[in-house]
Amino acid sequence: MKTNAENYQKSEIQVKRMGHFLGKGLLTTHGEAWRTQRRLIQKGFDRKQLDALSSIMQESLTESLRDFDRQISAGPVDIYPHLMKMTFAMVARSLFGAKLKDEDIDLVSHTICTVQEFIVRQTLQPYLNPWFAASGELRKHEEMRVRADSILMAYIKQRRNQEPGHDLLQTLMDARYSDGDGMSDELVLSESMQLLVAGHETSSNGLSWLLYLLSSRPDCLERVRQEFDSVLGEAPLSHGDLPKLEFTTQVIQEGLRLYPPFWMIDRMAVADDQVGDIDIPRGSTVIVYVYGAHHAPAHWQSPETFDPERFIKGSDKLRTPFTYLPFGGGPRVCIGNHYAMLQILMILSELLRKYDFQLTPGQTIEARPMVILRPKQGIRMTFSKAIARDLSSPKYHPVGNWPEF
Numbered sequence: 057m058k059t060n061a062e063n064y065q066k067s068e069i070q071v072k073r074m075g076h077f078l079g080k081g082l083l084t085t086h087g088e089a090w091r092t093q094r095r096l097i098q099k100g101f102d103r104k105q106l107d108a109l110s111s112i113m114q115e116s117l118t119e120s121l122r123d124f125d126r127q128i129s130a131g132p133v134d135i136y137p138h139l140m141k142m143t144f145a146m147v148a149r150s151l152f153g154a155k156l157k158d159e160d161i162d163l164v165s166h167t168i169c170t171v172q173e174f175i176v177r178q179t180l181q182p183y184l185n186p187w188f189a190a191s192g193e194l195r196k197h198e199e200m201r202v203r204a205d206s207i208l209m210a211y212i213k214q215r216r217n218q219e220p221g222h223d224l225l226q227t228l229m230d231a232r233y234s235d236g237d238g239m240s241d242e243l244v245l246s247e248s249m250q251l252l253v254a255g256h257e258t259s260s261n262g263l264s265w266l267l268y269l270l271s272s273r274p275d276c277l278e279r280v281r282q283e284f285d286s287v288l289g290e291a292p293l294s295h296g297d298l299p300k301l302e303f304t305t306q307v308i309q310e311g312l313r314l315y316p317p318f319w320m321i322d323r324m325a326v327a328d329d330q331v332g333d334i335d336i337p338r339g340s341t342v343i344v345y346v347y348g349a350h351h352a353p354a355h356w357q358s359p360e361t362f363d364p365e366r367f368i369k370g371s372d373k374l375r376t377p378f379t380y381l382p383f384g385g386g387p388r389v390c391i392g393n394h395y396a397m398l399q400i401l402m403i404l405s406e407l408l409r410k411y412d413f414q415l416t417p418g419q420t421i422e423a424r425p426m427v428i429l430r431p432k433q434g435i436r437m438t439f440s441k442a443i444a445r446d447l448s449s450p451k452y453h454p455v456g457n458w459p460e461f
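Using the numbering used here, read the sequence shown as starting at 57 and increasing by one per residue.
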């Protein structure tokens with residue numbers, strides 16, 4: 057992933073199956089095509105652009121929280137789908153701006169989630185692929201993809217004839233190759249769809265586990281609240297606030313260590329290679345077991361314990377490289393990792409400002425290793441208006457039931 061990254065490309069499953077539904081973008085290309093696209097799109101996630109996106113993200117969140125208020129008033133809720141909806145709307149509006157209709161967001165979100173689950177079934181149960189074709193399942197998902205593509209393409213073509221915006225779509229449209237040409241509408245669509253896929257799952261998944269962990273650690277929860285109050289006051293969070301939120305960032309980093317959204321990374325060896333004393337023949341599938349690295353006692357003291365202090369400033373210099381990979385590593389590290397952190401912090405700050413929350417008793421919380429490490433049966437919580445708190449809690453203790461692989 058670092059010293060010989062060119063030899064390890066995305067697997068055929070990722071390139072062919074995902075590429076069929078999502079097009080040729082950052083997630084489904086490699087080599088020079090990937091490098092070219094990466095250079096073009098990187099500008100959309102630099103500090104200047106994230107500063108500009110903060111207001112769009114906050115507007116989307118304010119709207120989502122109004123709906124969330126209505127949902128929690130009826131009693132306990134499974135937080136995972138609600139956070140998924142919040143993060144997807146935020147990414148969609150970061151891409152296409154405020155003019156993106158709610159009904160279009162819902163349709164595209166439903167399509168992406170449904171198609172992703174179908175790709176997982178195709179991968180885990182390849183013997184069913186003939187049945188998928190014969191029964192109409194494949195055609196049904198194709199039709200869903202075409203419908204979602206047509207909706208987003210309409211926004212792309214509309215933007216070509218409008219004043220420039222301040223969103224990620226405009227960044228994609230303004231990008232220029234070395235010959236001066238820009239991306240085609242079809243490539244803009246592919247990159248937009250892939251940013252939608254990658255941009256919401258990491259954040260919603262990380263937030264779900266984070267709320268679960270904080271519910272078991274009221275001392276950490278109160279420190280996070282106090283830090284938000286000290287840094288933000290009554291103001292909404294912006295990208296410039298991130299460096300000041302040191303402890304909250306540690307809490308998020310520890311949450312992503314315990315529950316890495318992408319619990320494994322697969323690559324295919326293009327040529328024969330050797331790593332240590334292990335021979336890797338050409339064509340081999342190589343699995344980077346991220347969850348294992350994050351929970352290895354050789355690299356982490358008391359690895360099953362929720363301990364944000366392990367990410368205190370400067371600790372990364374003492375850490376063995378590639379033992380912490382919440383956003384991948386090497387040249388293909390997630391292009392939107394800073395956006396994801398901004399998104400998580402923004403949503404967390406508003407949730408803690410508005411609500412107290414607690415786990416619903418009697419449920420078993422387990423992780424399910426699919427494409428991402430999802431809550432197996434959801435995480436049900438009760439929310440109420442935030443009130444003053446009186447804390448008493450042990451400093452550290454193990455949490456959760458870890459997934460069986």
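We put the beta carbon where it would ideally sit given N, CA and C, even for glycine.
Fill in: Own chain partners of Pro317 with C-beta closer than 8 Å, once the 5 adjacent residues on each side are dropped
Glu257, Thr258, Asn261, Gly262, Pro382, Ile428, Leu429
Practice prompt. Measure the beta-carbon distance from Phe152 to Leu225 and round it to whole angstroms, keeping in mind my assumption that it falls under 8 Å.
Written response: 5 Å
Practice prompt. Return the chain-ordered ranges of every alpha helix (DSSP H) run that is complete within the stretch 295-324 and spans a minimum of 4 residues.
Written response: 302-314
Item to complete: Pair every Cβ in the stretch 233-246 with every Cβ in the stretch 357-370, then say whether three or more of these pairs are closer than 8 Å.
Response: no
Fill in: Cβ separation of Ile135 and Met402, assumed to be a contact under 8 Å, to the nearest whole Å
Contact doesn't hold; Cβ gap of about 16 Å is too wide.
Discussion item. Give me the DSSP bridge partner(s) of Gly384.
Written reply: Pro382
Worksheet entry | Top-ranked residue by Cα proximity to Gly298, from Pro137, Val202, Leu404, Gln433 | Just to set this straight, residue 298 is Leu in the shown sequence, not Gly. Per the Cα distances, Leu404.
Worksheet item: Which value, in whole angstroms, describes the spacing of the CA atoms of Leu156 and Leu109?
Response: 15 Å
Worksheet item: In the structure shown, what three-state DSSP assignment does Lys213 receive?
Response: helix
Worksheet item: Which residues in the same chain have their Cβ closer than 6 Å to the Cβ of His453, if we skip the five residues on either side of it in sequence?
Response: Model confidence at His453 stands at a pLDDT of 46, short of 50, so the residue's coordinates are unreliable; what they give is reported in the following sentence. Excluding residues within five positions, none has a Cβ falling inside 6 Å.
Discussion item. Taking the beta carbon of Glu159 as the centre, do at least 16 other beta carbons fall within 10 Å, making it buried, or is it exposed?
Written reply: exposed
Worksheet item: Phe77 to Glu198, Cα distance in whole Å?
Response: 8 Å
Fill in: Tyr183 burial status per 10 Å Cβ neighbour count (16 or more: buried)
exposed
Worksheet entry | As assigned by DSSP and simplified to three states, the class of Lys466 | Lying outside 57 to 461, the shown extent of the chain, residue 466 is not represented and no answer is given.
Item to complete: Starting from Phe413, follow its DSSP beta bridges and name the residues at the other end.
Response: Phe439
Worksheet item: Taking buried to mean at least 16 other C-beta atoms within 10 Å of its own C-beta, is Tyr91 buried or exposed?
Response: The sequence given here places Arg at residue 91; Tyr does not occur at that position. Looking at its Cβ environment, which holds fewer than 16 other Cβ atoms inside 10 Å, Arg91 is exposed.
Discussion item. Let me check one thing: in DSSP terms, what residues is Pro431 bridge-paired to?
Written reply: Ala423
Discussion item. Taking 7 Å as the limit between beta carbons, can you name the residues of its chain near Ile168, skipping five residues before and five after?
Written reply: Leu252, Val253
Fill in: Close beta carbons around Asp412, own chain, < 8 Å, minus the five adjacent residues each side
Phe439, Ser440, Lys441, Ala442, Ile443, Arg445
Discussion item. Counting C-beta neighbours from all protein chains within 10 Å, is the total for Ser246 16 or more, i.e. buried, or is it exposed?
Written reply: buried
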